[in-house]
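Q: I'd like to ask some things about the structure below.
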Amino acid sequence: MSVCKKIAVGFAMTMLSNVSLATVSLNHAWKLRAGTKEVALENIDSRWRDISVIDESNSNDIEYYKEFSLDEAQRKEPGQFIIVPPSWMPYQIFVNGQDISEIRANHSTPEKIYSYRIYRIPNALLGNENNVKILAKGEKILGGFRGSEVLVTSHKSYLIPAYLKNFFLNDVLIIFSILSFSISLTCFLIAKMESAHRRQYILLGLASITIIPHHLLSTSFYGWLFENPTAPFRFHLFFQAITWTSFALFYGLTSGSETVVRISQGRKMLGFVGTYILSVLAFSLYSPFGVFFTLISPLFAISAIIAPIWLYQYRHDLVVFCMGASGITLSVVSLISDVTTLNIYTHGYGAMLITLTGFYFFIKTFVRSAKRDRSAGELLKLMLPDPIHLTLDALIDAGAPVVQIREKLRGDSTLTNIFIDICSYGKMANTLPPRIVYETRSSVFQFINAIMIRNGVAFIKSIGDSAHFVGGLYQGEKTSNSLLAKHTLLAVMELLDGIDAMNIHLKEKDLPGVKLKISATIGVCEFGLEGPSSQLRYDVQGHWVNVTKRLEDAMDQRFYETYSQNVALVAAALITKCEDLTIRKRFRDLFAITDKNGIKYEAYVGRQYAEVIDHSDFMRAIYGQFSHGDVPETKPKNAANG
Amino acid sequence: MLKSQILSRPLDVLEAKRLVYKVYANSLGWLPEPGNPSGFRVAQDKNGAFFEDNFGNRSIWVGIYSHDELVATARILTNFQEESHEVEHYTSLPKMLTVAKAKAVEINRVAILPNFQSPDIFAFLIQSLVTTIEEMPVDFIFTTVAFPEPGNFCKKLGFVRDDRPIGEFKYSAKDKTSVSIVYFEMTNKAKIERLLNICEDIITQASKRASA
């Protein structure tokens with residue numbers, strides 16, 4: 002017979018009494034003795050607080066007694082077991098006077114309280130007439146078996162349901178303990194590093210670790226700690242009060258409840274709660290169990306009411322809401338089980354699900370933080386010139402403070418400066434709608450930036466209709482002044498050559514065409530993060546930046562009359578440093594300016610078109626047109642060739 | 042003595058077409074493939090062969106005469122009825138030209154007799170074309186050219202190259218080189234003036250050399 006079939010048969014058989022010759026069900030006609038008092042029990046799962054003789058006797062040693070018969074065949078069957086339902090109290094079990102409990106002598110604390118107990122009965126012990134005696138200790142408020150059927154069986158298939166129930170109702174709590182411990186450790190570690198949700202991490206960590214005493218009821222742990230049979234329950238209930246309060250506060254903070262935020266921030270409130278908890282602890286050590294439970298119940302009650310309310314406020318996150326609601330529901334099922342003496346204690350599952358809800362919340366927060374960090378990083382890079390990105394990445398990865406980053410990015414070296422100004426921008430701004438002006442400016446600067454990037458020149462800033470670009474940032478010894486000058490002049494030339502194409506693109510977007518004026522210099526400049534400490538901005542400053550601005554200012558109406566617009570004025574030093582004569586030829590007309598201090602600066606004019614179109618250009622064009630022999634011809638557009 | 046003229050008489054147009062044949066077929070050794078979308082074909086009359094195509098009804102031919110001999114010609118293909126330009130049978134136009142289709146003219150069938158392929162004749166032809174087109178309600182001139190030459194020459198004159206990835210194409214798979222559309226804004230007066238001045242300079246220099 003397959004295992005599944007055995008399980009199915011075993012389950013079916015368990016539901017019926019005396020259905021197999023190999024199994025005897027002992028679920029009726031027990032006698033219960035408490036002190037000198039005795040009473041007949043219909044069901045073994047009667048709670049001690051419901052049995053009057055226990056109350057009258059005031060005894061904590063309770064004896065269950067039953068006699069049963071086995072026929073010859075049953076008696077001789079090897080491997081007899083007795084299966085006893087779970088009990089929250091410790092007990093010994095005797096068959097025909099022999100203790101078969103296989104537990105240590107001090108049976109004074111509860112162990113594995115959700116487990117069915119399966120004890121082997123030595124065959125030699127059994128006769129035709131037998132008796133079983135269960136000796137239990139405990140507190141009448143907690144005593145009683147959590148199941149009505151005691152089975153004596155040799156059929157191993159009846160053991161399987163018991164094993165399964167033991168795993169899913171008891172043993173699984175060990176796994177939950179390990180998980181809860183891991184999660185709480187993780188939460189406390191993260192709380193140390195992450196400030197944004199620190200309170201929530203601490204609450205979840207607290208809730209995860211304080212549920213472990215409850216889960217330990219499924220183990221033999223308390224036997225090492227206590228001799229009093231009810232002490233484990235005080236112990237775990239005390240911590241559970243913290244668990245549920247922490248869960249409730251966690252949901253409150255997550256849902257954004259102002260009340261909870263104030264509680265978590267308020268020292269008076271925290272002081273009150275702390276005092277209350279310490280008082281309960283003090284009382285609980287010596288007070289009767291009933292008093293202890295009464296003191297601790299308010300925290301359970303408040304948490305039980307408030308947690309679902311706050312969870313409901315967070316219902317927009319379906320996963321968190323469903324998991325949390327399921328967890329609370331499973332915990333409530335346990336409460337109902339306790340009241341109705343059903344052995345469906347899903348409290349561990351409930352707590353685990355709520356813990357995992359919190360964990361899921363943190364995973365989401367991490368992912369969101371990672372996305373936020375990535376966006377912030379990308380935004381930061383967009384706000385800073387390209388040449389500093391690598392340096393900045395290295396400094397941020399190393400965790401350098403802002404002060405150090407600022408220091409590392411500061412410096413001075415020979416740089417080229419290019420100022421590009423949109424001519425007649427003021428007139429455009431006065432006559433055209435703001436949206437058109439803005440889009441024109443954006444498109445123009447985008448076009449210019451693309452050219453500058455291709456030539457290794459970085460954008461620094463724009464002010465109104467003017468943009469400042471710099472070449473040579475953080476290149477130091479890697480780039481000679483000659484190469485720097487060449488690349489800068491190539492950028493200027495490409496821009497001059499591209500103005501017509503740029504205006505074509507502007508027209509395609511129904512934007513007005515523009516004219517530009519460009520000024521450029523080379524010299525030592527300072528660079529770095531500038532500005533008040535509340536708002537830093539990357540900038541390049543120095544004498545040669547000022548000179549570039551002066552060259553730009555010199556391109557006024559009188560200048561245009563001679564040289565027209567769409568023109569560049571580049572400092573003489575920039576030309577002389579460039580060793581490429583072809584490039585130098587483009588900037589031929591000398592122009593000098595004198596600043597207000599009487600200092601003279603020489604510059605050269607570069608025009609939009611390479612003016613020199615001469616005889617040789619025409620000859621080359623003629624040769625190109627009439628010498629290779631290909632002219633427009635055949636093949637429709639939609640032919641196989643594309 | 043050079044003079045330019047818009048060829049309005051049918052006989053003059055026919056002579057221009059015959060000149061194109063002489064340059065393309067005889068000098069460059071090129072003939073159109075049968076069945077091409079332009080209807081570009083060889084026709085014959087008693088005076089010899091010439092080229093014909095489907096665009097006769099919207100062509101404006103410009104001719105350059107040297108001592109009353111037609112030595113250079115080019116055709117301006119108008120599109121005021123918003124039909125397809127000839128090049129559209131082979132590739133698509135850039136957006137600027139598509140939007141302004143009716144206000145764009147295509148220059149093609151540029152031909153200069155081998156013995157007259159000199160800068161001044163070429164400059165004169167360009168000058169004539171531009172001044173003719175300047176009087177039309179036209180925003181763009183465009184043509185197709187090979188790179189590096191005469192493409193770079195056109196760019197120096199102020200033409201803008203179609204920079205789309207599909208901007209470079211071949212009229213026929215048999216062509217050795219591909220061509221690109223280049224276009225010139227006729228609304229940019231400064232550019233037109235510059236182009237005309239450049240051509241004038243070339244013509245003047247040649248004239249001075251000739252007289253010297």
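In order, the protein sequences belong to chains R and W. In case it helps, the numbering used here puts the first sequence at residues 2 to 643. In case it helps, the numbering used here puts the second sequence at residues 42 to 253. Beta carbons: idealized from backbone N, C-alpha and C, even for Gly.
1) Could you please tell me which residues of the region 508 to 522 of chain R, in chain order, have their CB closer than 7 Å to any CB of chain W?
2) Just the Cα atoms here: how many angstroms apart are Leu-186 (chain R) and Ile-203 (chain R)?
3) Using a threshold of 7 Å, state whether the C-beta atoms of Ile-243 (chain W) and Pro-160 (chain W) are closer than that.
4) Pick from R:Gln-201, R:Leu-381, R:Gln-99, R:Ile-179: whose alpha carbon is nearest that of Phe-189 (chain R)?
5) Just checking: is the beta-carbon of Asp-501 (chain R) within a distance shorter than 7 Å of some beta-carbon in chain W?
6) Pull up the distance between the alpha-carbon of Tyr-313 (chain R) and that of Leu-537 (chain R), whole angstroms please.
7) Measure the Cβ-Cβ separation of Thr-347 (chain R) and Val-333 (chain R) and say whether it is below 7 Å.
8) Do the region 42 to 52 of chain R and the region 108 to 119 of chain R make contact, defined as three or more Cβ pairs closer than 8 Å?
9) How would you label Pro-233 (chain R), buried or exposed, when you count the other beta carbons within 10 angstroms and need 16 or more for buried?
10) Determine, using beta carbons only, whether Ile-500 (chain R) and Met-137 (chain W) come nearer to each other than 7 Å.
11) Following the continuous alpha helix (DSSP H) through Pro-81 (chain R), name the residue where it begins and the one where it ends.
12) Between the alpha carbons of Ala-249 (chain R) and His-237 (chain R), how many angstroms are there, rounded?
13) Considering Cα atoms alone, identify which of R:Gln-99, R:Gly-477, R:Ser-338, R:Tyr-602 is closest to Ala-574 (chain R).
14) Interface residues of chain R around Val-223 (chain W) at Cβ under 9 Å?
15) Verify whether the separation of the beta carbon atoms of Ser-444 (chain R) and Leu-507 (chain R) is less than 7 Å.
16) How far does the beta strand (DSSP E) with Phe-183 (chain W) in it reach, from first residue to last?
17) What's the C-alpha gap between Ala-164 (chain W) and Glu-509 (chain R)?
18) If you follow the alpha helix (DSSP H) that Gly-253 (chain R) is part of, which residue opens it and which one closes it?
19) In angstroms, rounded to a whole number, what distance separates the CA positions of Ile-423 (chain R) and Val-525 (chain R)?
20) Just to confirm the assignment: which complete alpha helix (DSSP H) runs, minimum length 4, are found wholly within the region 143 to 183 of chain W?
21) So, are the CB atoms of Ile-623 (chain R) and Gln-158 (chain W) less than 7 Å apart?
22) Expressed to the nearest angstrom, what Euclidean distance is found between the alpha-carbon atoms of Ser-258 (chain R) and Ala-308 (chain R)?
23) Going by other Cβ atoms of all chains shown within 10 Å of its Cβ, with 16 needed for buried, is Cys-323 (chain R) buried or exposed?
24) Could you name the residues of the region 597 to 627 of chain R whose beta carbon sits closer than 7 Å to any beta carbon of chain W, in the order they occur along the chain?
25) I believe Pro-91 (chain R) touches Ser-149 (chain R) by the beta-carbon criterion, under 8 Å. Please report the beta-carbon distance rounded to the nearest angstrom.
26) Against chain R, does Gln-158 (chain W) count as a neighbour if the rule is that its beta carbon must be under 7 Å from one of theirs?
27) Going by alpha carbons, who is nearest to Leu-591 (chain R) out of R:Tyr-605, R:Lys-550, R:Thr-341?
28) What residue range does the beta strand (DSSP E) around Tyr-539 (chain R) cover?
29) Does the beta-carbon of Glu-140 (chain R) have 16 or more other beta-carbons within 10 angstroms, so that it is buried, or is it exposed?
30) In the DSSP output, what is Asn-132 (chain R) paired with across the bridge?
31) Measuring straight from C-alpha to C-alpha, what distance separates Ala-641 (chain R) and Phe-210 (chain W)?
32) Which two residues bound the contiguous alpha helix (DSSP H) that contains Arg-455 (chain R)?
33) Using only alpha-carbon positions, find the residue among R:Glu-228, R:Asn-129, R:Trp-31 that is nearest to Glu-73 (chain R).
34) Determine the extent of the beta strand (DSSP E) in which Asp-413 (chain R) is found, giving its start and end residues.
35) Among the candidates R:Val-438, R:Phe-470, R:Thr-392, R:Ile-464, whose CA atom is the shortest distance from the CA of Ala-451 (chain R)?
36) Taking only the alpha-carbon atoms, compute the straight-line gap between Ala-106 (chain R) and Glu-228 (chain R) and give it to the nearest angstrom.
A: Reading it off the structure:
1) Lys-508, Glu-509
2) 10 Å
3) yes
4) R:Gln-201
5) yes
6) 44 Å
7) no
8) no
9) buried
10) no
11) In the sequence on display, residue 81 (chain R) carries Gln and not Pro. Note, Gln-81 (chain R): premise wrong, no alpha helix (DSSP H); beta strand (DSSP E) at 81 to 85.
12) 18 Å
13) R:Tyr-602
14) Here the premise fails: no neighbours, minimum Cβ distance about 11 Å.
15) yes
16) 181 to 187
17) 31 Å
18) 232 to 256
19) 26 Å
20) 160 to 175
21) yes
22) 11 Å
23) exposed
24) Tyr-610, Ala-611, Ile-614, His-616, Asp-618, Phe-619, Met-620, Arg-621, Ala-622, Ile-623, Tyr-624, Gly-625, Gln-626, Phe-627
25) 20 Å between Cβ atoms; not a contact.
26) yes
27) R:Tyr-605
28) 538 to 542
29) buried
30) R:Glu-68
31) Any answer about Ala-641 (chain R) is weak, because its pLDDT of 32 lies below 50 and its placement is not dependable; what the coordinates show is given next. Approximately 14 Å, taken between the alpha carbons.
32) 435 to 455
33) R:Asn-129
34) 412 to 423
35) R:Phe-470
36) Note that Ala-106 (chain R) has pLDDT 47, beneath the 50 cutoff, so the model's placement of it is unreliable and no number is given.
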